[in-house]
Every structure is written in C-alpha cells, then in structure tokens.
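Trainee: Take the sequence shown: its position 139, counted from the start at 1, is 188 in our numbering, and no numbers get skipped. Glycine included, every Cβ here is placed at the ideal spot set by N, Cα and C.
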Amino acid sequence: MPRFEYKVVPAPRKGEKVKGAKTATDRFAHALTQMMNDLGRDGWEYLRAETLPCEERVGFTGKATTYQNLLIFRRAIEEAAPAPAPAREELPADLPAFFRPERTPAPSELAATLTPRGGDGRRAPTVQAPEGHAPAVGPARGGLVAE
C-alpha cells in the first residue's frame with residue numbers, strides 16, 4: 050500500500066502582474082498556476098483546497114476568527130527495503146560459560162519453566178541461580194531517615 054507525505058501551503062491572496070492578463074481573475078489564475086507547477090516539478094500532486102478557521106489575538110484580550118485558504122498537496126514516499134538481519138556478534142573466547150547463551154529459547158520453552166504457585170492459579174517463574182549469599186531483607190537500620 051503506498052504511503053504519502055503531505056504539504057499544506059497558503060493559497061495566493063492576489064494575482065501577479067503578467068503580460069496578457071488583463072483582469073484580476075486572469076492574474077490570480079496565473080499566480081495559482083505558477084505555484085501549482087512549481088510544486089508539481091518537485092513531485093507534489095495537488096489534492097484539494099480547504100478553508101479553515103484560525104483564531105487570532107486582537108489587542109490584549111480580544112480574539113477574532115479569520116478563515117485561511119489552504120492548498121493541500123501530496124507525494125508518494127518510497128518504501129524502504131527491509132533492513133537485513135544484523136550480523137551475530139562473536140563472543141570473546143575467554144567468556145565464562147555462564148554468560149554464553151546457547152541459543153534464544155522459544156516462547157513455548159519459556160512457558161514450560163513456569164510452575165504453579167498456590168491454589169489461586171497464578172504462576173511464578175522458576176529461578177535458577179548459583180548458590181551464594183542472599184541480600185539481607187528487613188527493616189531499615191537505625192540512623193537512616195528519609196527527609
């Protein structure tokens with residue numbers, strides 16, 4: 050599916066003087082034609098014109114609504130080719146086996162490591178860690194007061 054980028058520009062407010070254009074309508078049409086052709090050369094396709102409200106300040110506390118005439122253009126964005134898979138980094142030869150993953154486990158293999166806990170139906174992961182001293186858990190020691 051093609052993707053697009055859009056460009057919104059204000060419509061010309063008055064025509065340009067040009068040889069052969071005698072009326073204001075002719076001069077305005079020429080200015081609009083020039084703008085559309087310039088954008089067309091850059092690959093922009095005219096889509097539509099819109100008149101949208103714009104709230105502006107008047108004085109210190111007042112507000113006024115004006116209407117802006119806008120021209121909307123679009124152009125197709127070239128879709129980038131999918132990026133190649135990153136090359137797998139080689140691990141250093143002296144890295145301990147504990148830090149060397151054999152392979153990435155499949156989600157079903159990870160789910161199989163979950164064991165039920167209690168009768169409430171919740172599951173808790175099985176933790177496999179080397180034996181050692183666990184950190185002390187308990188109340189804060191005296192003298193440590195949050196301010």
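When the Cβ atoms of the stretch 69-85 are set against those of the stretch 102-118, are three or more pairs found closer than 8 Å?
Mentor: Contact fails: fewer than three Cβ-Cβ distances are below 8 Å.
Trainee: Candidates Thr74, Arg123, Gly69: which alpha carbon is nearest Arg90's?
Mentor: Walking along the sequence shown from the start, residue 90 turns up at place 41. Of the listed residues, the one whose Cα sits closest to Arg90 is Arg123.
Trainee: Can you give the Cα-Cα distance for Asn118 and Glu128, rounded to whole angstroms?
Mentor: Residue numbering aside, residue 118 sits at position 69 when the sequence shown is read from its first letter. Residue numbering aside, residue 128 sits at position 79 when the sequence shown is read from its first letter. Their Cα atoms are separated by approximately 32 Å.
Trainee: Identify the residues that DSSP records as bridge partners of Arg76: which are they?
Mentor: Walking along the sequence shown from the start, residue 76 turns up at place 27. Arg76 is not bridged to any residue.
Trainee: Shorter than 8 Å from the beta carbon of Cys103 to some beta carbon of chain C?
Mentor: Included in the structure is just one protein chain, with no chain C present.
Trainee: Name the two residues that bound the continuous beta strand (DSSP E) containing Glu94.
Mentor: Translated into positions along the sequence shown, residue 94 becomes position 45. Where Glu94 is concerned, the enclosing beta strand (DSSP E) stretches over 94-107.
Trainee: For Ala70 versus Ala98, is the C-beta spacing smaller than 8 Å?
Mentor: For this step, residue 70 is matched to residue 21 along the sequence shown. For this step, residue 98 is matched to residue 49 along the sequence shown. Not a contact, by the Cβ cut-off of 8 Å.
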